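Take a look at the structure set out below.
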Amino acid sequence: MILGEYATAEAIESMRHRLGLDRSLWEQFIGFVHNFFTHGDTGVSIVFETSSRELIAERAPVTLLLIAMTCLFAIIVSLVLATLAATHKDGLLDHMIRILPAVTLGMPIFWVGLLLILVFSVRLRWFPVGGVGEGWLGILYSLALPAITVGLSQIPSLVRSLRAQMLEVLESDFVVTLKAAGIPARVILVKHVLRNSALPALMLLGVNIAYLMGGTLVIEQVFGLKGIGSLLFSAISNRDFPVIQGIALYCAISVVIIGFVIEVASGYLDPRTKGEQ
């Protein structure tokens with residue numbers, strides 16, 4: 614399949630030897646595990662003729678920065694919307710905030726990306742159509758629209774979680790006591806309500822990190838970003854199996870590590886568990 618249907622027997626045998634397919638399955642497995650844990654590599658790319666580790670390391674900064682910008686955008690917007698919804702419970706603003714963000718849940722993320730490109734890049738010309746700019750400001754500017762696209766898919770679940778937690782905290786006894794003591798509502802909201810409501814949303818974001826990473830890889834292809842996503846699609850198109858395996862493994866390990874870090878951080882930041890720890 615890699616060489617095409619007209620490949621000669623010599624070419625096929627050479628490729629089998631290059632991929633290690635002329636060895637037993639047990640030898641292939643041992644060699645793969647040893648190479649990955651000792652060198653962090655899953656083999657040499659068939660297309661680029663370099664190690665998959667080097668290719669992934671070269672593309673990783675763009676993807677990691679895009680994920681960080683997406684998380685920052687989603688958290689800030691979700692905090693604002695959830696606060697407005699909780700402080701205007703059952704009002705018109707509350708209903709609008711609960712309904713409008715949920716609309717994006719039914720839209721494929723690549724379709725949302727194309728729509729935003731058409732409106733903000735082609736029509737309004739506020740953002741570049743694609744690619745990565747030069748310099749830190751250029752890079753951040755070019756990644757802004759992709760980050761907004763992926764962040765829109767995370768906002769509905771975060772808003773629902775934050776709103777529910779805020780309402781629970783606002784109706785708790787200690788908040789009622791603070792109000793009776795004459796503490797300003799803004800101080801109560803910022804110092805107590807947001808602090809006690811943010812942790813569940815942070816844990817929810819950790820649970821959704823796999824979906825967030827998958828959406829980021831797709832959006833990179835839509836916006837023409839030279840990140841891990843475009844490398845993955847190129848590897849799939851060219852049947853570059855070592856690169857595909859490397860990306861899959863590193864993404865899986867990243868999801869596990871990020872989830873573990875968020876779980877541990879939540880345990881230390883939660884005032885209800887500090888005494889137990």
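Letter by letter, the sequence shown follows residues 614 to 890 of the numbering used here.
Using N, Cα and C, we set each Cβ at its ideal position, and we do this for glycine too.
Since this is a predicted model, take the numbers as computed values, not measurements.
Round the Cβ separation of proline 855 and glycine 653 to the nearest angstrom and send it over; I've been treating them as touching at under 8 angstroms. Your numbering for residue 855 matches position 242 in the sequence shown. Your numbering for residue 653 matches position 40 in the sequence shown. Your pair proline 855 and glycine 653 does not check out as a contact, with CB atoms roughly 13 angstroms apart and the cut at 8 angstroms.
Helix or strand or just coil, what does DSSP make of valine 745? Locating residue 745 in the sequence shown gives position 132, counting from the first residue. In the structure shown, the three-state DSSP call for valine 745 is coil.
Give the single residue among Leu678, Thr651, Ser691 and Ile643 whose Cα lies nearest to the Cα of serine 810. Locating residue 810 in the sequence shown gives position 197, counting from the first residue. Considering only alpha carbons, the answer is Ser691.
Put valine 763 into one of helix, strand or coil per three-state DSSP. On the sequence shown, residue 763 is found 150 positions in, with the first residue counted as 1. Per DSSP, reduced to three states, the secondary structure at valine 763 is helical.
Report the three-state DSSP secondary structure of serine 637 (helix, strand or coil). Taking the first residue of the sequence shown as 1, we reach residue 637 at position 24. Residue state, collapsed to three classes: coil.
Please report the straight-line C-alpha distance between histidine 701 and aspartate 707, rounded to a whole angstrom. Your numbering for residue 701 matches position 88 in the sequence shown. Your numbering for residue 707 matches position 94 in the sequence shown. Just so you know, the alpha carbons of histidine 701 and aspartate 707 end up roughly 6 angstroms apart.
Quick check on this structure: which residue in Cys864, Ile822, Leu713 and Arg852 has the alpha carbon closest to the alpha carbon of glycine 842? On the sequence shown, position 229 is the one that residue 842 refers to. Across the set Cys864, Ile822, Leu713 and Arg852, the C-alpha of Cys864 shows the shortest separation from the C-alpha of glycine 842.
Smallest Cα separation from glutamate 784: which of Leu677, Ser879, Leu638 and Ala699? Start at 1 with the first residue of the sequence shown, and residue 784 comes out as number 171. Comparing Cα-Cα distances from glutamate 784 to each of Leu677, Ser879, Leu638 and Ala699, the minimum goes to Ala699.
Using C-beta distances below 6 angstroms, list every residue in its chain close to glutamate 833, excluding the 5 sequence neighbours before and after it, in chain order. Taking the sequence shown and counting its residues from 1, one reaches residue 833 at position 220. So the qualifying residues of the chain are Gly840, Gly842 and Ser843.
Flag this pair as touching only if the region 676 to 693 and the region 758 to 768 have three or more C-beta atom pairs under 8 angstroms; answer yes or no. The region 676 to 693 vs the region 758 to 768: in contact.
Supposed close pair valine 891, valine 742 - CB separation, criterion 8 angstroms: Because the chain in this structure spans residues 614 to 890, residue 891 falls outside the shown range and cannot be described.
Under 8 angstroms, with one C-beta from each stretch per pair, do the region 750 to 760 and the region 797 to 817 reach the 3-pair mark? Short answer: they don't touch.
Residue interval of the alpha helix (DSSP H) (run including asparagine 851): As a position in the sequence shown, residue 851 is number 238, starting the count at 1. Per DSSP, asparagine 851 is not a residue of any alpha helix (DSSP H), being assigned neither H nor E.
Determine the closest residue to leucine 830 out of Glu640, Thr621 and Ile722, with distance taken between C-alpha atoms. The sequence position of residue 830 within the sequence shown is 217, counting from 1. Checking every option, the nearest Cα to that of leucine 830 belongs to Ile722.
Whole angstroms are fine: how far does the CA of phenylalanine 787 sit from the CA of glycine 888? The residue labelled residue 888 in the question sits at position 275 within the sequence shown. The residue labelled residue 787 in the question sits at position 174 within the sequence shown. Low per-residue confidence applies at glycine 888: pLDDT is 48, beneath 50, and the placement is therefore not dependable enough to give any value.
Could you tell me which whole alpha helix (DSSP H) segments of length 4 or greater appear in the region 689 to 754? Fully enclosed alpha helix (DSSP H) runs of 4 or longer: 705 to 712 and 722 to 729.
If I measure Cβ to Cβ from isoleucine 849 and keep anything under 7 angstroms in the same chain, skipping five residues before and after, which residues do I get? Indexing the sequence shown from 1 puts residue 849 at position 236. Within the same chain, isoleucine 849 has close Cβ partners Ile857.
Leaving out five residues before and five after proline 813 in sequence, what residues of the same chain have Cβ atoms less than 7 angstroms from its Cβ? Translated into positions along the sequence shown, residue 813 becomes position 200. Cβ neighbours of proline 813 within its own chain (closer than 7 angstroms, five residues either side excluded): Ser774 and Gln778.
Go ahead and pull the three-state DSSP assignment for serine 658. As a working note, residue 658 is residue 45 in the sequence shown. In the structure shown, serine 658 sits in coil (DSSP, three-state: anything other than H, G, I, E or B).
As a quick exercise: from Glu671, Met826 and Ser755, pick the residue whose alpha carbon is nearest that of phenylalanine 836. Taking the sequence shown and counting its residues from 1, one reaches residue 836 at position 223. Among Glu671, Met826 and Ser755, the Cα nearest to that of phenylalanine 836 is on Ser755.
Taking buried to mean at least 16 other C-beta atoms within 10 Å of its own C-beta, is alanine 793 buried or exposed? Taking the sequence shown and counting its residues from 1, the one referred to as residue 793 is at position 180. So alanine 793 counts as exposed.
Nearest by alpha-carbon distance to threonine 596: which of Leu862, Arg776, Thr790 and Ser879 is it? This structure leaves residue 596 out entirely; the chain is present only between 614 and 890.
How far does the alpha helix (DSSP H) with isoleucine 832 in it extend, from its first residue to its last? Working through the sequence shown from its first residue, we reach residue 832 at position 219. It spans 822 to 836 - the alpha helix (DSSP H) in which isoleucine 832 sits, taken as one unbroken run.
Is the Cβ-Cβ distance between serine 879 and methionine 826 less than 8 angstroms? One-based indexing of the sequence shown puts residue 879 at position 266. One-based indexing of the sequence shown puts residue 826 at position 213. Against a cut-off of 8 angstroms, the Cβ pair of methionine 826 and serine 879 comes out as no contact.
Between which two residues does the alpha helix (DSSP H) carrying lysine 839 extend? Within the sequence shown, numbered from 1, the residue matching residue 839 stands at position 226. Note, lysine 839: premise wrong, no alpha helix (DSSP H); not H, not E.
Buried or exposed: which applies to proline 769, given that a residue is buried once 16 or more other Cβ atoms fall within 10 Å of its Cβ? Residue 769 sits at position 156 when you count from the first residue of the sequence shown. So proline 769 ends up on the buried side.
Within this structure, are the beta carbons of aspartate 853 and serine 627 separated by less than 8 angstroms? For the purposes of this step, residue 853 is taken as the residue at position 240 of the sequence shown. For the purposes of this step, residue 627 is taken as the residue at position 14 of the sequence shown. For aspartate 853 and serine 627, no; Cβs fall outside 8 angstroms.
DSSP beta-bridge partners of serine 664: For the purposes of this step, residue 664 is taken as residue 51 along the sequence shown, with counting starting at 1. In the DSSP output, where bridge partners are listed per residue, serine 664 has Val657.
Less than 6 angstroms between C-beta atoms, sequence neighbours within five positions excluded: which residues of the same chain meet that for glycine 859? Counting from one through the sequence shown, the residue named residue 859 turns up at place 246. Excluding residues up to 5 positions away in sequence, Thr655, Ser665 and Ile669 lie with their Cβ nearer than 6 angstroms to the Cβ of glycine 859 in the same chain.
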